[in-house]
Amino acid sequence: MTDSTDSDSKPTPDSRLHTGAENPVDPIDLVQATGRDVTEKRLAQAKKDLEEHGAAAVEKVLP
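Sequential numbering from 902 applies to the sequence shown in our numbering.
So this is what it looks like as structure tokens:
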């Protein structure tokens, strides 16, 4: 359990938080969203998914 007085436990500054909506989704983003290792095969599939579904492809892999 983390002690609330711990100097390392600070909230993340708003400037570091983002949804990703401000930039286009690329294949590596899509693979990383799955939590899997980035491989050539997964990048190819992600590229195909993005071509077919656009940025909505990310919604299919996120809970």
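Positions of the beta carbon are idealized from the N, C-alpha and C atoms, including for glycine. These numbers were taken from a predicted model, which means no experiment stands behind them.
- prompt: Taking the C-alpha atoms as reference points, what is the distance between residue 955 and residue 929?
  reply: Residue numbering aside, residue 955 sits at position 54 when the sequence shown is read from its first letter. Residue numbering aside, residue 929 sits at position 28 when the sequence shown is read from its first letter. Cα to Cα, residue 955 sits roughly 14 angstroms from residue 929.
- prompt: For the putative contact between residue 931 and residue 947, defined by C-beta atoms under 8 angstroms, what is the C-beta separation to the nearest angstrom?
  reply: Along the sequence shown, one-based indexing puts residue 931 at 30. Along the sequence shown, one-based indexing puts residue 947 at 46. In this structure, residue 931 and residue 947 form a Cβ contact; the two beta carbons are roughly 4 angstroms apart against a cut-off of 8 angstroms.
message: Residues in the same chain with beta-carbon distance under 7 angstroms from residue 902, minus the five sequence neighbours each way, listed in chain order, please.
response: Position 1 of the sequence shown holds residue 902. Bear in mind that a pLDDT of 49 at residue 902, under 50, signals an unreliable position, so the number given afterwards is only what the model happens to contain. Excluding sequence neighbours, residue 902 sits near nothing in its chain.
task: Give the straight-line distance between the Cα atoms of residue 945 and residue 938, rounded to the nearest whole angstrom.
output: In the sequence shown, the residue the question calls residue 945 occupies position 44. In the sequence shown, the residue the question calls residue 938 occupies position 37. C-alpha separation (whole angstroms): 13 angstroms.
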